[in-house]
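Asks: The sequence shown begins at -15 in my numbering and counts up one residue at a time.
Glycine included, every Cβ here is placed at the ideal spot set by N, Cα and C.
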Amino acid sequence: MRHWNWTALTWRIGRLYIVRDVEDSRLIWAGVSLRNERVYHGKGSSPDDFFFMNANVFDQLCTRVPFTKFQMVVLWELNVASAQLTPNAWAGVQGFLAMCSTIGITPTIPVFFHYFDVRPLPKGGWVSLTSIKDRTLFRPYSNLYKNFKNQFFKVIIYEAGRHEFHDAAGNPLFPFYWTRNPKKIKAYSVGLMNPVDLEVVRTINALPRRLSARNLVECLRHEDCERKTFDIMSAPPPRKSNFMASRKGAGASSSSVRERVAPIALHPPIIKRASSTSRMPTVPPAGSQAALAVNVPKRHRCRCGKQAPT
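(1) If distances are taken between C-alpha atoms only, which option among T187, V185, N178 and V139 comes closest to S30?
(2) So, does the region 33 to 49 touch the region 169 to 184, judging by three or more C-beta pairs under 8 angstroms?
(3) Excluding the five sequence neighbours on either side, which residues of its own chain have a C-beta within less than 8 angstroms of the C-beta of H25, listed in chain order?
(4) When DSSP labels each residue in this structure, what does R285 get in the three-state scheme?
(5) Measure the Cβ-Cβ separation of F149 and V57 and say whether it is below 9 angstroms.
(6) Inspect the beta-carbon positions of F36 and F137 and report whether they are closer than 9 angstroms.
(7) Assuming D101 and T114 make a contact with CB atoms under 8 angstroms, what is their CB distance in whole Å?
(8) Give me the Cα-Cα distance between N38 and R48, rounded to the nearest whole angstrom.
(9) Suppose you measure from the CA of G28 to the CA of L81; what does that come to, to the nearest Å?
(10) Do you know how far the Cα of W(-5) is from the Cα of L191?
(11) In the DSSP assignment, find the unbroken alpha helix (DSSP H) run with I141 in it and report its ends.
(12) For T86 versus F214, is the C-beta distance shorter than 9 angstroms?
(13) So, is R4 buried or exposed, given that buried needs 16 or more other C-beta atoms within 10 angstroms?
(14) Indicate whether G145 and L62 have their beta-carbon atoms separated by less than 9 angstroms.
(15) So, A75 versus Y125, is the Cβ gap smaller than 9 angstroms?
(16) Output the boundary residues of the beta strand (DSSP E) element that contains T114.
(17) If you draw a straight line from the C-alpha of L204 to the C-alpha of R211, how long is it?
(18) Could you compute how far the alpha carbon of D118 sits from the alpha carbon of D181?
(19) Under DSSP, the alpha helix (DSSP H) around D32 begins and ends at which residues?
(20) Secondary structure at R193, three-state DSSP: helix, strand or coil?
(21) Whole angstroms is fine: what's the gap from Y142's alpha carbon to R186's?
(22) Once the 5 residues before and after I169 are set aside, which same chain residues still bring their CB inside 6 angstroms of it?
(23) For the beta strand (DSSP E) that contains D101, what are its first and last residues?
(24) Tell me which same chain residues have a C-beta within less than 6 angstroms of the C-beta of R198, skipping the five on either side of it?
(25) Since L59 and L121 are thought to touch, with beta carbons under 8 angstroms apart, how far apart are those beta carbons, to the nearest angstrom?
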């Protein structure tokens, strides 16, 4: 069993940007009151609905609550709690959202899982995404796994926030608590897609591949996120070394190679200010205190970051 510094974790979480604005800060609060709680425990005797989240997902991946509709649908489709999805899987979701926003397409489950599949571990362990060979969109986000099992805390839902996390019948919009039966997902075939999703796949396939997930996610920190993401996606790919050039197949001219890897001619997007209704996962400008972390009552200053069973 791992040990962690409760004081340090409390200090960190108290300074995280968890919500988008002051309005959203009234919907939830953060904290864990019981020393023996684990992320793989259920609701127990808690009178409030809650879900665990990893601090790195907020701090490094610019995720905010309430989640976007697409984020919740991904969790529902996978049948996993938000804490059950590994940080690099969250990076894939965030990078995909940034990319879709920039090129003006709506992210859907068939399109997302055309590029990723999911092979859960037995007995409901951590769940990660696996890029499909020859369809890899992003390079992995490094350093996300460092001590990530010690960085969990509760996001507890106020009554005023239930509409953001439940449907009209009061059912959760995604699994709040650790599941024992995550869904195995095989990559969607284009033959099973509707015409709209098929056109989206064609658009994405025209983009450069193996973009930096870190760089795309970093764009979410800025109000001009779409323009910064556009710059990344429209930048020319790095040149191959002379050694790699010498390994090219016979008869392949430099011009034909450039034609195969050149990115599509993107048009800079119209930049719109992020808002609570748009649910774009942005953060306030550096130094701003306007939307700092949600309320953390003193009696709940102890937070838990235990690892899951293996």
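Replies: In short, the structure shows the following:
(1) Working through the sequence shown from its first residue, we reach residue 30 at position 46. With distances taken between Cα atoms, S30 lies closest to V139.
(2) no
(3) As a first step, residue 25 is located in the sequence shown; it is residue number 41 there, counting from the start. Closer than 8 angstroms at the Cβ level, and outside the excluded window around H25, lie Y161 and W162.
(4) Within the sequence shown, numbered from 1, the residue matching residue 285 stands at position 301. In this prediction, R285 scores a pLDDT of 35, lower than 50, which makes its location untrustworthy; no coordinate-derived value is stated.
(5) Taking the sequence shown and counting its residues from 1, the one referred to as residue 149 is at position 165. Taking the sequence shown and counting its residues from 1, the one referred to as residue 57 is at position 73. Result no, Cβ atoms of F149 and V57 do not sit closer than 9 angstroms.
(6) Position 52 of the sequence shown, counting from 1, holds the residue named residue 36. Position 153 of the sequence shown, counting from 1, holds the residue named residue 137. Yes, they are a contact pair.
(7) Counting from one through the sequence shown, the residue named residue 101 turns up at place 117. Counting from one through the sequence shown, the residue named residue 114 turns up at place 130. With a Cβ gap of about 5 angstroms, D101 and T114 count as contacting.
(8) Counted from its first residue, the sequence shown places residue 38 at position 54. Counted from its first residue, the sequence shown places residue 48 at position 64. Rounded to whole angstroms, N38 to R48 spans 12 angstroms at the Cα level.
(9) Translated into the one-based positions of the sequence shown, residue 28 becomes position 44. Translated into the one-based positions of the sequence shown, residue 81 becomes position 97. Rounded to whole angstroms, G28 to L81 spans 34 angstroms at the Cα level.
(10) Numbered from its first residue, the sequence shown carries residue 191 at position 207. Numbered from its first residue, the sequence shown carries residue -5 at position 11. Rounded to whole angstroms, L191 to W(-5) spans 41 angstroms at the Cα level.
(11) As a working mapping, residue 141 is identified with position 157 in the sequence shown. In the DSSP assignment, I141 falls outside any alpha helix (DSSP H) and within the unbroken beta strand (DSSP E) covering F136 to I141.
(12) The residue labelled residue 86 in the question sits at position 102 within the sequence shown. The residue labelled residue 214 in the question sits at position 230 within the sequence shown. Yes; because the gap between Cβ atoms is below 9 angstroms, this pair is in contact.
(13) Walking along the sequence shown from the start, residue 4 turns up at place 20. Buried, because 16 or more other Cβ atoms sit within 10 Å of the Cβ of R4.
(14) Here residue 145 refers to the residue found at position 161 when the sequence shown is read from its first residue. Here residue 62 refers to the residue found at position 78 when the sequence shown is read from its first residue. No, Cβ-Cβ distance for G145 and L62 is not below 9 angstroms.
(15) Taking the first residue of the sequence shown as position 1, residue 75 is located at position 91. Taking the first residue of the sequence shown as position 1, residue 125 is located at position 141. Contact: yes.
(16) Numbered from 1 along the sequence shown, position 130 holds the residue referred to as residue 114. Run containing T114: L113 to S115, per the beta strand (DSSP E) assignment.
(17) Here the question's residue 204 lines up with position 220 in the sequence shown. Here the question's residue 211 lines up with position 227 in the sequence shown. Between the alpha carbons of L204 and R211 lies a distance of about 11 angstroms.
(18) For this step, residue 118 is matched to residue 134 along the sequence shown. For this step, residue 181 is matched to residue 197 along the sequence shown. Near 19 angstroms, if we compare the C-alpha coordinates of D181 and D118.
(19) Taking the first residue of the sequence shown as 1, we reach residue 32 at position 48. D32 -> no alpha helix (DSSP H), and no H or E assigned at all.
(20) In the sequence shown, the residue the question calls residue 193 occupies position 209. It is coil, neither helix nor strand.
(21) Against the sequence shown, residue 142 aligns to sequence position 158. Against the sequence shown, residue 186 aligns to sequence position 202. Using only the alpha carbons, I get a separation of about 42 angstroms.
(22) Numbered from its first residue, the sequence shown carries residue 169 at position 185. Counting only Cβ-Cβ distances below 6 angstroms, and skipping sequence neighbours, we find F97, D101 and V102.
(23) Translated into positions along the sequence shown, residue 101 becomes position 117. Note, D101: beta strand (DSSP E), F100 to V102.
(24) Stepping through the sequence shown from its first residue, residue 198 is reached at position 214. Cβ within range, chain order: Y125.
(25) Here residue 59 refers to the residue found at position 75 when the sequence shown is read from its first residue. Here residue 121 refers to the residue found at position 137 when the sequence shown is read from its first residue. Actually they do not touch by this definition, with Cβ atoms about 20 angstroms apart.
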